[in-house]
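The structure appears right after this line, and notes come after that.
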Amino acid sequence: MQYFLIQVLNGVQLSMLVFLLAVGLTLIFGLMNILNLAHGAFFTMGAYFGLVVANRTGSFWLALLIGPLLPFAAGFVLQFFILQPLAQRGRSTHLDLALLTFGLLFATAGAVEYIFGSAFHSIATPEILNGRIALLGIEYPLYRLFVIAVGIAIALALVLVIDRTLIGATLRAGVDNREMVTALGININVLFALVFGLGSALAGFAGVISAPVMSIYSNMGIGIVVTTFVVVVVGGLGNLRGSFYASLIVGMTDTFAQAFVPEAELFAVYALLIVVMIFRPQGLFGAVGRVA
Amino acid sequence: MSTEVTCSEPGAVPKLSAIPVSRRFHAILLVALAAGLCALPSVVSGYAMTLAVEIMIAGIFTSGINLLTGYTGLVSLGQAMFFGLGGYGIAIGTALLGWPLWASVPVTLVVVAATASAIGAICTRTRGVEFLLITLAFSQMFYGAAVKLRWTNGSDGMTGIPRPDLSLLGVSADSPVTFYYYVLAVSVLALLLLWRVVNSPFGSILVGIRENERRMMSMGYAVANYKIGSFALAAMVCAVAGILQAQYTYFVSPDSMSWQMSGEGVLMVIIGGASVIFGPFVGAAVFVVVKQALSLITEEYNLFFGIFFMLVVAFFRGGVLGAVNTLIGKRR
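The listed protein sequences correspond, in order, to chains G and S. Reminder that position 15 of the first sequence reads as 693 in my numbering, one-by-one numbering, no gaps. Reminder that position 114 of the second sequence reads as 262 in my numbering, one-by-one numbering, no gaps.
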C-alpha cells in the first residue's frame, strides 16, 4: 500500500514535468499550427543553461529563474526569424516546418555535446527543499512535492491567462481570425513569437526543475520529447486542458509500468497511445475546435 | 484560419509536388548508370565500393519511404522500424530458429507485411502531423522492445547474420565484389517493382489520394485500403533494405530502428526529390557521401546532421533531380 502510494506520487511528479513540456508544444501547435519537434532541444538548452548558472552562482533558484531565458530567446528567434518567414513565403507547409525543427533537435544535441561533452551532470537540490516529509504514513522527498505544486500552479495560471485576460483573448482571436486581429492594430507575428518563446521557456524551466531528480546529458531532450508527443496526441493536438489530463494519464502509465511490469517499461505509453488511436484518433480530449 | 501562417489546413494531406523529369534525361541517366554500375568493381578501390553498397542499401530504404511519402503523401517518421524488423527477422530466423536463409527471408517479408498492415490500419486513420507522430510512436515501441528483449541480446544486438550462399554460381557473397553485385541486383529488382507499382492503376490511385483524398473517396475508391496497401508495400521495401544492411554488416542492433534512422530516410527523400522514382537513390548518394565526408572532418555528427537537415528542408525542396530538371528546362 505504501509502495503504491509512493508510485502514485512519483507518477504525478513525472506527469507535471511532462505537462510543462506538453503545454508549450500544444500551445504552439494550437496557435501557429507548427509541430515543434525541437521542443526537446529547449528542454536540454534550459537544463544546461541552468547548470552553468548554478555552477557560477551556486544558487538553484537563480538557475531556475535564469535558465529558461535562453530557451525563451532561442524560441522567439526561431519563430520570428526562421519559421514565420518560411511559412509566409508560402512554399513550406506545416510538415516542412516540423521536419526543420527535427533537424534543430539533433543540431542542439550535437552542439551541447560539442560544448559540454557527453558526461552526465546534475544540479544539487536546494537546501530548503532537501529532506523528506511524512505524508499519509509514508516519507516522501520534499523536492518532488515541490515539482508537483509548481506544475499545478503553472497549469492554473495558464488557464487563467488564456481564459480571463486581454492577452489570452487576443491569442484566441488570433487563432480564429488573423487578419481581423492584425487590422485591429496588433502585431500578431510578435505575439506568436512571444508565445513560441514562452512555450520554449516552459520547456527550459522543466529542464532546470528536473535537474535535481534526473540527470542532465546531451540527448536528454530526445528521449523525453517522444513521451511528450504521446501526451499531446492522447490529449488532442492543440488542446491545453486535454494535455493536462493526458499528462497525468501518460505519467501514471509510465510510472506504474516501471514499478510493476518493468519489462513493459519502454512501451507501455506507446501501447496506451495505440489503444487511444484505435478508438479516438482525434485524441481523448480532442474537441471540435482547436483553440488552445 | 488564415492562409498566411498556415499554408494548408490542419490535418490536410501534405503535398510534395511531383517533378516531371524529362524522358530523354531519364534515358541517358539509365544507360549511364547501368554501364557505370556494372563496371564499377573493375575501376574503383574497395572503399568506393563499400560506399556504393551503402548508397544502394540506403536507396532501397528511401525508395520504400518515397512510395509512402512522395507518392501517397503520408510523411512518416517511423519507417526505421521496418528496416530494423527486416534485419531482426532474418537474424531471429537464422540464428535463433536455425532456419536456412532462403526460408527466413520470405517469412520475414510476410511477417513485416502483416505487421505493417495492422500498424498501417491504425496509423492511416490519422493524417498530417498526427500521422507523423503516430508512426514515430510505433517505431519507438519496437525500438523499446528491441532494447529490452533478452533473447535478441537487448541493446547489444545480434551478430553472425549470414549472407546468401552463392556457391551454385561458383562465387562467395563474403567477397566485397560479389556482395556488391548481389546488392545491385536487389536494387534493380526493387526499382523495377516500384516502377511497375507507381505506373499501375494502383499507383495512380495513390497519387490521387495525395492530391485530393476527398475526391478519390467520392469517386468510390476505398481510400483507406489503398493507404494501408501503400503502407505495407513501403514497409516491405524498407525491410528488404534492412535485410541487406544486416547482411552487409553481419550485424543488427536496436539502433537500426532509432528515429534518427527514420529521419535520415525522410531527409534522403527530400534531397533526392520526392515522388521521382530515381530520387531516393540520388538522395541516398548525396547523403552517404556527405555523411562520410563529415565523419572524416568531425566527430560531432549530430550537430552537422541537424544543420544539414535544416538547410535542406528550408532551401532545397524539389531535390537534386528537381534542380537538374529546372536547369535542363532553362537551357531549352
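Backbone N, C-alpha and C fix where the C-beta goes; we use that ideal spot for every residue, glycine too. Note that the structure is predicted; figures quoted are calculated from it, not measured.
Proximal residues to residue i (C-beta, below 6 Å), its chain only, five neighbours per side dropped
i, result
"G:Ser796", "Ser896"
"S:Val124", "With chain S running from 149 to 480 in the structure shown, residue 124 of chain S is simply not present."
"G:Ser925", "Ser693, Val696, Phe697, Ala700, Val909"
"G:Val903", "His717, Gly718"
"G:Ala879", "Pro746, Pro749, Phe750"
"G:Gln936", "Glu943"
"G:Met930", "Gly689"
"S:Met409", "Ala228"
"S:Phe429", "Gly207"
"G:Pro804", "Phe738"
Integer-rounded CB distance, given that residue j should sit under 8 Å from residue i
i, j, result
"G:Ala752", "G:Met723", "6 Å"
"S:Val253", "S:Phe230", "14 Å between Cβ atoms; not a contact."
"G:Gly882", "G:Phe780", "In fact, because the Cβ distance is near 19 Å, the residues do not count as touching under 8 Å."
"G:Ile866", "G:Leu775", "Contact doesn't hold; Cβ gap of about 17 Å is too wide."
"S:Glu448", "G:Gly899", "Incorrect: roughly 16 Å between the Cβ atoms, too far for contact."
"S:Tyr236", "S:Thr283", "The Cβ separation is near 18 Å, so there is no contact."
"S:Phe286", "S:Gly226", "5 Å"
"G:Asn688", "G:Leu703", "Not really, about 23 Å apart at Cβ, beyond 8 Å."
"S:Leu342", "S:Ser211", "6 Å"
"S:Gly292", "G:Phe945", "4 Å"
"G:Gln757", "G:Phe870", "6 Å"
"S:Met204", "S:Val388", "S:Met204 to S:Val388, Cβ: 11 Å. No contact."
"G:Leu773", "S:Gly276", "7 Å"
Selection from the options that minimises the alpha carbon distance to residue i
i, options, result
"S:Leu392", "S:Gly318, S:Glu448, S:Ile309", "S:Ile309"
"S:Ala206", "S:Ser404, S:Leu444, S:Phe463, S:Phe456", "S:Ser404"
"S:Ser323", "S:Met204, S:Gln395, S:Thr242", "S:Gln395"
"S:Val201", "S:Ser352, S:Val336, S:Gly356, S:Glu412", "S:Val336"
"S:Ile425", "S:Ala338, S:Ile455, S:Gly390, S:Ala441", "S:Ala338"
"S:Val192", "S:Lys439, S:Val325, S:Met384", "S:Val325"
"G:Ile894", "G:Leu778, G:Ser800, G:Leu699, G:Gly745", "G:Ser800"
"G:Leu747", "G:Tyr726, G:Thr735, G:Phe759", "G:Tyr726"
"S:Ala269", "S:Val388, S:Thr397, S:Pro402, S:Ala383", "S:Ala383"
"G:Ala847", "G:Leu683, G:Glu941, G:Leu709, G:Phe934", "G:Leu709"
"S:Thr217", "S:Val355, S:Ala293, S:Thr242", "S:Val355"
"G:Ile806", "G:Leu814, G:Ile816, G:Leu820, G:Phe798", "G:Leu820"
"G:Ile887", "G:Phe798, G:Arg810, G:Leu814, G:Ala827", "G:Ala827"
"G:Arg958", "G:Gly914, G:Phe707, G:Ile816, G:Gln757", "G:Gly914"
"S:Leu415", "S:Thr198, S:Ala228, S:Leu178, S:Ala175", "S:Ala228"
"S:Leu257", "S:Leu245, S:Gly413, S:Gly232, S:Ala243", "S:Gly232"
"S:Arg311", "S:Val438, S:Tyr398, S:Ile418, S:Ser410", "S:Tyr398"
"G:Gln691", "G:Val825, G:Met679, G:Val790, G:Met858", "G:Val825"
"S:Asn347", "S:Leu215, S:Val430, S:Pro428, S:Gly368", "S:Leu215"
"S:Phe435", "S:Tyr369, S:Met289, S:Val417", "S:Val417"
"G:Ile864", "G:Gly875, G:Ala851, G:Leu876, G:Phe784", "G:Ala851"
"G:Gly916", "G:Leu872, G:Ala785, G:Ala835, G:Leu962", "G:Leu962"
"S:Gly411", "G:Ala765, G:Ile845, G:Leu849, G:Leu783", "G:Leu783"
Own chain partners of residue i with C-beta closer than 8 Å, once the 5 adjacent residues on each side are dropped
i, result
"S:Thr272", "Leu222, Phe279, Ala372, Lys375, Ile376, Phe379"
"G:Val928", "Ser693, Val696, Thr905, Val908, Val909, Val912, Val947, Leu950"
"S:Val255", "Gly237, Gly241, Trp247"
"G:Val987", "Residue 987 of chain G falls outside the range modelled here, since chain G spans only 679 to 970, and no answer is possible."
Buried versus exposed call for residue i [16 or more other C-beta atoms within 10 Å across all chains shown]
i, result
"S:Cys186", "exposed"
"G:Gly953", "Note that residue 953 of chain G is Val in the sequence shown, not Gly. It counts as exposed."
"S:Glu124", "Here chain S covers residues 149 to 480 and nothing more, so residue 124 of chain S does not appear."
"G:Tyr681", "exposed"
"S:Arg344", "exposed"
"S:Trp407", "buried"
"G:Pro763", "exposed"
"G:Pro940", "exposed"
"G:Gln960", "buried"
"S:Met458", "buried"
"G:Ala970", "Unreliable placement is indicated for G:Ala970, whose pLDDT of 39 sits below 50; the coordinate value is still reported in the next sentence. Result: buried."
"G:Asp854", "exposed"
"S:Ser190", "exposed"
"S:Gly421", "buried"
"S:Val385", "buried"
Contacts around residue i, its chain only, beta-carbon distance under 7 Å, and the 5 residues preceding and following it disregarded
i, result
"S:Lys296", "Gly302"
"G:Val731", "Leu740, Ala741, Ile744, Gly745"
"S:Ser320", "Leu314, Thr326"
"S:Ser443", "Tyr449"
"S:Tyr328", "Pro189, Met197, Ala200, Val201"
If the cut-off is 8 Å on Cβ atoms, which residues from the region 265-286 of chain S count as contacting chain G, listed in chain order?
Ile270, Cys271, Arg273, Thr274, Gly276, Val277, Glu278, Leu280, Leu281, Ile282, Leu284, Ala285, Phe286
Give, in chain order, every residue of the region 289-300 of chain S whose Cβ lies closer than 7 Å to some Cβ of chain G.
Met289, Gly292, Ala293, Val295, Lys296
Contacting positions in the region 789-802 of chain G - beta carbon closer than 7 Å to chain S:
Ala789, Glu791, Tyr792
What are the residues in the region 451-465 of chain S lying within 9 Å of chain G by C-beta distance?
Leu451, Phe452, Phe453, Gly454, Ile455, Phe456, Phe457, Met458, Leu459, Val460, Val461, Ala462, Arg465
Along the region 405-420 of chain S, what residues have a CB closer than 9 Å to any CB found in chain G?
Trp407, Gln408, Gly411, Val414, Leu415, Ile418
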